[in-house]
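Visitor: Numbering (this note's numbering), first residue to last: 42 to 638. Sending over a structure as structure tokens; questions will come in a sec.
In structure tokens:
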């Protein structure tokens, strides 16, 4: 049998589905414009409520009365669905939910013929994947010839399933297309697909004589062994049609995959899920630009005392975090003494981010000894992540500043999972640290302070006003909050974060920097300025070192200490004096009586 143009059959089917009058006047009507992407559930709901909803529901329930063949009923259902969506994969997913779904739908040629014909009819064009015109003259029963070997079986696996499977050798992972994104195969589904492929080997016998048929059946039986199936899966990994590199996955940092399509964050344009985008992540909600989030806005106004500049800044930095862009080179510290909404804010965003978000262990970013060849699994887990949150409630030993600077830049990161080789990946993440205590920043260099964005949470929610179910309520507004975040992404692109920093955040950062200046704190607590005073430079530095160690600070080296001292006290002088010509600070002494000569 061959796939041929059957316009007369399509015309007849169109009349039965949409009516004679509608058919007779369709020449005067414009070709349907593709509808905006919608979830499967919404399309089923709309199709069920339409004028021909009873026909649709009957077909979904497997009622083929009124149709001469099952194939005609299949085409009828596809034609109705094509009115609501031009997404081939979505039509196929909904077909799978119907009682018309059977083994013939697993054949790629049948899907191409049936879905392509329905889309041709609805939109006056053919799908690049399921076009009936593209399939004209193709013999439905023709099958590629395969050898009866393990290599032949691997080729069979790719031939029958290549459009829905990918393998990445760098990550040692299989990915399965689920209709919306390339999902990591955590349940060994590839082996189920392999077993289904083995069962199809006998179908090839139609193209062979009796002797070859027997040999083929024997090969099919032998291929059911664990060894043969493992060989099929292993050999298929290197087939060019399905092999991908880690850098090919999620390569477009501006695409955000939603339940009802993929949105381009540069334009807010929503398109259908596309295999070719090689997206491996998804958020758990639909994108609906009209969705509202009144509870969320009320929450923000409460925790920020109605400060609209600060709320706009929060909207922009979270919008920035939707993307894989890291050009702002900063990280965010959410500081407040507790019961002020910062954890609820981060948990809500983390929920909406779905696969794009990750909660990290606070110890990941703390200042602690790290072995150069030790596994860095906590860092490796951030590959491809865009939003990273961590919540620190106790006293921190200080931030791992070199690591923080590296991880808030735009260079590549090298990390290693336990028992695995090191991998290098592009940074896409933005770090949010919620804390009840400001982390100690030991360095005074520009490289660390230009990255720090401290956001104060100054409102404490009274116990009588706390809503223990608030997070659940906010999650119900997820589509509205996502739309709000996307608007924040547009604000960031138009204005840039540096132009959006509110005065409250600027002051908080300046105060924080002053608090973290241990040389300045040492002078304030342990020194007195007097015009006639003087102290040996070595004695002053020794006192500074002891003070730092007793207060949990890492002391600067003597040159850094001297430079900072001159910055803070420009009127003091360092010069040689005394019988031995020792270096002395003039105009300064220790407050507890030591060192003044």
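Yeah, the Cβ is synthetic: ideal placement off N, Cα and C, and Gly gets one too. Small disclaimer: the values here were computed from a predicted structure and weren't measured.
In terms of residues, what are the limits of the beta strand (DSSP E) holding residue 616?
Guide: Taken as a continuous stretch (DSSP letters only), the beta strand (DSSP E) holding residue 616 covers 614 to 618.
Visitor: Looking at the structure shown, is residue 310 part of a helix, part of a strand, or coil, going by DSSP?
Guide: Residue 310: strand per DSSP, three-state reduction.
Visitor: How many Å lie between residue 529 and residue 423 at the Cα?
Guide: So the alpha carbons of these two residues sit roughly 23 Å apart.
Visitor: Looking at residue 396: is its Cβ nearer than 8 Å to the Cβ of residue 322?
Guide: Contact flag set, yes.
Visitor: For residue 208, which option in 229, 194, 189 and 298 has the closest C-alpha, if you only look at C-alpha atoms?
Guide: Ranking the options by Cα distance to residue 208, first place goes to 229.
Visitor: Is the beta carbon of residue 545 less than 8 Å from the beta carbon of residue 348?
Guide: Yes, the Cβ-Cβ distance between residue 545 and residue 348 is below 8 Å.
Visitor: In whole angstroms, what separates the C-alpha of residue 320 from that of residue 236?
Guide: Roughly 26 Å between the two C-alpha positions.
Visitor: Touch check for the stretch 117 to 135 and the stretch 151 to 165: three-plus C-beta pairs under 8 Å?
Guide: The answer is yes - the stretch 151 to 165 touches the stretch 117 to 135, with three or more Cβ pairs under 8 Å.
Visitor: Mind checking whether residue 427 and residue 387 have CB atoms under 8 Å apart?
Guide: No, they are not a contact pair.
Visitor: Tell me the rounded alpha-carbon separation between residue 430 and residue 391.
Guide: Cα to Cα, the separation comes out at about 8 Å.
Visitor: Would you list, in sequence order, the uninterrupted alpha helix (DSSP H) runs of no fewer than 4 residues that lie entirely inside the stretch 485 to 533?
Guide: Runs of the alpha helix (DSSP H) inside the stretch 485 to 533: 487 to 490 and 511 to 516.
Visitor: When DSSP labels each residue in this structure, what does residue 572 get in the three-state scheme?
Guide: Three-state result, residue 572: strand.
Visitor: Give the range of the beta strand (DSSP E) segment to which residue 207 is assigned.
Guide: It spans 206 to 209 - the beta strand (DSSP E) in which residue 207 sits, taken as one unbroken run.
Visitor: Could you name the residues of the same chain whose beta carbon sits closer than 7 Å to that of residue 87, not counting the 5 residues immediately before and after it, in chain order?
Guide: Around residue 87: 125.
Visitor: Expressed to the nearest angstrom, what Euclidean distance is found between the alpha-carbon atoms of residue 4 and residue 393?
Guide: Since the first and last residues shown for the chain are 42 and 638, residue 4 lies out of range.
Visitor: Measuring alpha carbon to alpha carbon, tell me which of 188, 122, 197 and 199 ends up nearest residue 161.
Guide: Checked all of 188, 122, 197 and 199; the closest Cα to residue 161 is 122.
Visitor: Based on the DSSP output, what are the partners of residue 187 in its beta bridges?
Guide: Residue 187 is not bridged to any residue.
Visitor: Rounded C-beta distance between residue 385 and residue 511? I'm assuming under 8 Å.
Guide: Their Cβ separation, rounded to whole angstroms, is 6 Å, which keeps residue 385 and residue 511 in contact under 8 Å.
Visitor: Would you please state the rounded distance, in angstroms, between the beta carbons of residue 100 and residue 114? I believe it to be under 8 Å.
Guide: Correct: roughly 6 Å between the Cβ atoms.
Visitor: Please state the DSSP three-state secondary structure of residue 385.
Guide: Three-state DSSP puts residue 385 in a helix.
Visitor: Starting from residue 626, trace the beta strand (DSSP E) in both directions and tell me its first and last residue.
Guide: It spans 623 to 631 - the beta strand (DSSP E) in which residue 626 sits, taken as one unbroken run.
Visitor: By the 10 Å Cβ neighbour count, where 16 or more other Cβ atoms means buried, how is residue 503 classified, buried or exposed?
Guide: Its Cβ having fewer than 16 others within 10 Å, residue 503 is exposed.
Visitor: Return the chain-ordered list of same chain residues with a C-beta closer than 8 Å to the C-beta of residue 636, the five sequence neighbours on each side being excluded.
Guide: Only weak support exists for where residue 636 lies, its pLDDT of 47 falling under 50; the coordinates are left without a value.
Visitor: Return the CA-CA distance between residue 400 and residue 433, expressed in angstroms with no decimal places.
Guide: So the alpha carbons of these two residues sit roughly 12 Å apart.
Visitor: Closer than 8 Å by C-beta to residue 199: which residues in its own chain qualify, once you throw out the five before and the five after it? Chain order, please.
Guide: 206, 277, 280, 282 and 283.
Visitor: I want to see whether chain C comes within less than 8 Å of residue 531, judged by CB atoms only; does it?
Guide: Absence of chain C from the displayed structure is noted, only one protein chain being present.
Visitor: Round the Cβ separation of residue 316 and residue 242 to the nearest angstrom and send it over; I've been treating them as touching at under 8 Å.
Guide: Actually they are not in contact, since the Cβ atoms of residue 316 and residue 242 sit about 26 Å apart, beyond 8 Å.
Visitor: Can you give me the C-alpha to C-alpha distance between residue 380 and residue 211, rounded to a whole angstrom?
Guide: Their Cα atoms are separated by approximately 44 Å.
Visitor: Pull up the distance between the alpha-carbon of residue 102 and that of residue 139, whole angstroms please.
Guide: Rounded to the nearest angstrom, the two C-alpha atoms are 6 Å apart.
Visitor: Closer than 8 Å is the cut-off here; do at least three beta carbon pairs connect the stretch 480 to 500 with the stretch 516 to 531?
Guide: No, the stretch 480 to 500 is not in contact with the stretch 516 to 531.
Visitor: Thinking just about the alpha-carbon of each residue, which of 351, 425, 330 and 452 is nearest to the one in residue 368?
Guide: Residue 452 is the option with its Cα nearest to residue 368.
Visitor: Using a Cβ-Cβ cutoff of less than 8 Å, which residues in the same chain neighbour residue 219 once the five nearest sequence positions on both sides are dropped?
Guide: The answer is none, since no qualifying residue turns up.
Visitor: Pick from 359, 610, 256 and 134: whose alpha carbon is nearest that of residue 314?
Guide: Out of 359, 610, 256 and 134, 134 has the C-alpha closest to the C-alpha of residue 314.
Visitor: Residue range of the beta strand (DSSP E) that residue 89 falls in?
Guide: No beta strand (DSSP E) contains residue 89, which is instead part of the alpha helix (DSSP H) from 81 to 90.
Visitor: Skipping 5 residues on each side, what residues in its chain have a beta carbon closer than 6 Å to that of residue 557?
Guide: The answer, listed in chain order, is 482.
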